[in-house]
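Per my numbering, the sequence shown starts with residue 96, numbered consecutively.
Glycine included, every Cβ here is placed at the ideal spot set by N, Cα and C.
Right, one structure below, let's go through it.
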Amino acid sequence: MEISALTRSVVKHNHAIIAPDGYINSNVPGWTNCTVNVIINEQMGARLCQTIITLREGGRLEGQTQASQIFFYVVEGQVQTTVGGETRTLTTGQFVYVPIEQAYLFEQPTEGTQLLTFHKVYEPLAGYTVPGVLFGEKDDSKAPIYMNDEALRIQELLPNALGFDMAVNIFTYAPGGHLPMVETHIMEHGLLYLQGQAIYMLDQQWYPVKKGDSIWMAPYCQQWATTMGKEPSVYIYYKNVNRFPT
Ligand code: UGY
Ligand code: MN
96 MEISALTRSV
106 VKHNHAIIAP
116 DGYINSNVPG
126 WTNCTVNVII
136 NEQMGARLCQ
146 TIITLREGGR
156 LEGQTQASQI
166 FFYVVEGQVQ
176 TTVGGETRTL
186 TTGQFVYVPI
196 EQAYLFEQPT
206 EGTQLLTFHK
216 VYEPLAGYTV
226 PGVLFGEKDD
236 SKAPIYMNDE
246 ALRIQELLPN
256 ALGFDMAVNI
266 FTYAPGGHLP
276 MVETHIMEHG
286 LLYLQGQAIY
296 MLDQQWYPVK
306 KGDSIWMAPY
316 CQQWATTMGK
326 EPSVYIYYKN
336 VNRFPT
């Protein structure tokens with residue numbers, strides 16, 4: 096029998112691992128017939144919000160973004176999505192980016208559909224227009240090799256353009272793959288493991304992680320990772336980008 100007093104989750108001042116075993120549900124106005132878990136939020140010192148939403152039959156997310164843009168990614172399942180006058184059925188691996196001040200509707204999900212969201216307060220940049228609605232998908236053929244290492248591939252899901260102040264990337268590590276260096280940087284990350292297992296080093300502490308785990312890394316939280324086991328490890332992650340370092 097598992098011991099309920101143990102968990103792999105940790106919450107520190109500059110990083111957190113959130114494993115699903117500790118989830119407690121939140122009610123979010125306008126999001127109905129679903130379970131919402133707020134994984135990362137300003138309450139823990141972060142400047143982004145990350146949620147995981149599990150939709151039941153009849154599940155519905157209806158709302159209007161305000162100061163924060165929201166990136167919705169289908170981790171599993173299928174849902175009908177209407178944003179900016181366009182209706183599409185989104186399935187596993189597909190996403191929609193919803194800019195600020197934009198109405199959105201998700202409805203008619205298959206039972207158990209899981210969505211990941213990243214929210215960030217949008218910082219306008221003089222001379223650049225606010226991004227519009229964007230649909231897209233995970234596509235391994237669009238994931239170039241990272242830092243000349245055949246074992247590492249990154250797909251950028253959002254355009255690399257100054258109008259955007261957030262990036263969302265999918266990082267795939269083939270067996271044996273690891274980050275080429277310990278990263279020390281100003282950007283913040285929110286992250287969800289989509290596949291496999293790994294060892295993550297955060298602020299000189301070592302954590303075993305796997306599919307379904309989320310990680311928060313504050314600015315300057317030192318980070319390194321290596322995949323573990325015989326299958327690739329894959330995560331989707333958020334990063335704030337393209338703004339003046341105040
Ligand atoms: O883009 C990044 O900073 C990325 N290489 N970091 C990470 O995967 N922890
Ligand atoms: Mn990084």
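Exercise for review: Using only the heavy atoms of ligand 1, determine whether one of them is closer than 7 Å to the beta carbon of Gln318.
Suggested key: It does: the Cβ of Gln318 is within 7 Å (strictly closer) of some heavy atom of ligand 1.
Point to revise | C-beta contact flag for Gly158 and Tyr199 at 8 Å | key: Gly158 places its beta carbon less than 8 Å from that of Tyr199.
Review point. Per DSSP, what kind of secondary structure is Gln317 in: helix, strand or coil?
Key: coil
Exercise for review: State the DSSP-derived secondary structure class of Pro303, mapped to helix, strand or coil.
Suggested key: Strand, per DSSP.
Check your understanding: How is the beta strand (DSSP E) around Leu211 delimited, first residue to last?
Key -> 208-216
Review point. In whole angstroms, what is the alpha-carbon distance linking Thr208 and Glu152?
Key: 9 Å
Review point. What is the residue span of the beta strand (DSSP E) that Ile112 lies within?
Key: 110-113
Check your understanding: For Glu245, which of helix, strand or coil comes out of DSSP?
Key -> Looking at Glu245 - three-state DSSP - the assignment turns out to be strand.
Check your understanding: Grouping DSSP H, G and I as helix and E and B as strand, with all else coil, what is Ser99?
Key -> If DSSP states are grouped into helix, strand and coil, Ser99 belongs with coil.
Review point. For Glu251, is the beta carbon positioned less than 7 Å from some heavy atom of ligand 2?
Key: no
Exercise for review: Verify whether the separation of the beta carbon atoms of Phe266 and Tyr332 is less than 8 Å.
Suggested key: yes
Practice item. Flag Glu283 as yes when its Cβ comes closer than 7 Å to any non-hydrogen atom of ligand 1, and as no otherwise. Key: no
**Study point:** Within 8 Å, strictly: CB atoms of Leu210 and Val169
**Key:** Result yes, Cβ atoms of Leu210 and Val169 sit closer than 8 Å.
Review point. In chain order, which continuous runs of the beta strand (DSSP E) of length 3 or greater are located wholly inside the segment 240-301?
Key: 244-251, 261-268, 284-290, 292-297
Check your understanding: CB Gln175 to CB Thr182, shorter than 8 Å?
Key -> yes
Exercise for review: Please classify Gln161: does DSSP put it in a helix, a strand, or coil?
Suggested key: coil
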